[in-house]
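Have a look at the structure below before the remarks.
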Amino acid sequence: MIPILSVILLLGLFLWMQIYHDTHHFVIRTYHLPSSKLQEELTIVLVSDLHGQDYGAGNQALLSAIRTIHPDLILSAGDIITSYHHLSRQTYDTGSAFLSALAGEFPVYAANGNHEHRLLMRTDFAEGCERYLDELKGAGVCILNNASSYFPLHGNKKVYLYGLDLDDSFFKRFSKRELPIQYLHETLGEPVNDAFRILIAHNPAYFPVYAAWGADLVVSGHVHGGIVKLPFFGGVISPSFRLFPKYDGGKYHIDSASCGDLGSTMILGRGLGTHTLPVRLFNPGELVVIHLHPATADRK
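As structure tokens, this is what we get:
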């Protein structure tokens, strides 16, 4: 009996130490993506699901890591703040300070996650969330909520950026609402021709729809890597309480006639923070680096 209890205690201690490590440390993961629509290289840093997390005072560890990457632009895929009553206001300052600091050094484009969207819909928090978004705009962050912008490249090439702000009904737990492609055409318009098109869309579950619309690259978050990551199985549970979600983190590809011969790619970040339960297991926070380059460039 005693040996069994000892094993249980040691296992519990190990898991607690691993959870503590994974909720207080982040890793950097890098992806390479070729495109015939590009004539030069572009380095992107993707951040998502910070949820007011601090990596050192003022998130200096996170900011320092990003500075060493020297990105051309930063994309924020949402949930930088948290919508729960007891957390919302305290995460405004952390999220605003983090993205504002980045905007002082790099071009930053951000779209809402379900937490930002939910706060804007709540009368008791909408004013605070609007102030948060105004602070970001004042710092130079380009907010793309069902809107688009472009990032100029040399010559006549451009990268077009779209930000999708889905209604809260597309984030319901235990069920998945169908997303008609017409929804994207109505909210985002028709994708620009002869440009590399990046869609910031917080919910990765609708990747096939994003690809059919015409996104060359989709960047997403929301799933937190499945919270617990198991060998051979991947992430265990999604925020909608689906076990072993199809999209839990990493790089995914769909052949799509809307995107030309190279199809559509989604880079799904595993996020940087937590909410509700402060748990990440075998799944540390993640800072994502995406290197875009011409299709003819050699890459290992």
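Heads up: the sequence shown begins at -13 in my numbering, then just goes up one per residue.
By construction, the Cβ of each residue, glycine as well, lies at the ideal position given by its N, Cα and C atoms.
Under the three-state reduction of DSSP, histidine 101 is assigned to helix. DSSP places tyrosine 196 inside the alpha helix (DSSP H), whose first and last residues are 193 to 199. Annotation for serine 62: the continuous beta strand (DSSP E) segment containing it runs 59 to 62. Inter-residue distance for leucine 203 and leucine -4 is about 44 angstroms (C-alpha atoms, whole angstroms). Under DSSP, cysteine 115 takes part in no beta bridge, so it has no partner. Following the DSSP letters along the chain, one finds glutamate 272 inside the beta strand (DSSP E) bounded by residues 271 to 280.
Threonine 68 sits in coil when the DSSP states are folded into three classes, being neither helix nor strand. Between the alpha carbons of alanine 96 and leucine 122 lies a distance of about 9 angstroms. Asparagine 45 is classed as buried because its beta carbon has at least 16 other beta carbons within 10 Å across all chains shown. Looking at the DSSP output, arginine 15 bridges to Val274. With a threshold of 16 other beta carbon atoms within 10 Å, glutamine 39 meets it and is buried. By the criterion of a C-beta distance shorter than 6 angstroms, proline 93 is surrounded in its chain by Leu59, once the five residues flanking it on both sides are discounted.
In the DSSP assignment, arginine 183 is bridged to Tyr146.
A distance of 9 angstroms or more separates the beta carbons of valine 274 and threonine 29. DSSP places proline 166 in the coil class of the three-state scheme, outside both helix and strand.
Beta-bridge partners assigned by DSSP to alanine 133: Gly149.
Out of Ile253, Arg183 and Lys158, the CA that lies nearest to the CA of tyrosine 233 is found in Ile253.
Exposure of proline 264 is indicated by the presence of fewer than 16 other C-beta atoms within 10 angstroms of its C-beta. With contacts defined as CB atoms closer than 9 angstroms, histidine 208 and glycine 64 qualify as a contacting pair.
As DSSP reads the structure, serine 250 sits in a beta bridge with Ile240.
Following the DSSP letters along the chain, one finds valine 127 in no alpha helix (DSSP H), marked with neither H nor E. Pairing threonine 68 with threonine 54 gives a Cβ-Cβ distance that is not under 9 angstroms. Boundaries of the alpha helix (DSSP H) around valine -7: -12 to 10.
Counting along the chain, serine 206 sits inside the beta strand (DSSP E) bounded by residues 203 to 206. With a contact defined as Cβ atoms closer than 8 angstroms, serine 224 and lysine 158 miss out at about 12 angstroms. Counting along the chain, threonine 29 sits inside the beta strand (DSSP E) bounded by residues 28 to 33.
Bridge pairing for glycine 220: Leu216 [DSSP]. If you look at alanine 96, you'll find it isn't in any alpha helix (DSSP H); it sits in the beta strand (DSSP E) that goes 94 to 96. Going by beta carbons, aspartate 151 and methionine 107 fall outside the 9 angstroms limit. Apart from sequence neighbours up to five positions away, the residues of its chain that approach alanine 281 with a beta-carbon distance below 8 angstroms are Pro20, Ser21, Ser22, Leu24 and Leu248, ordered along the chain.
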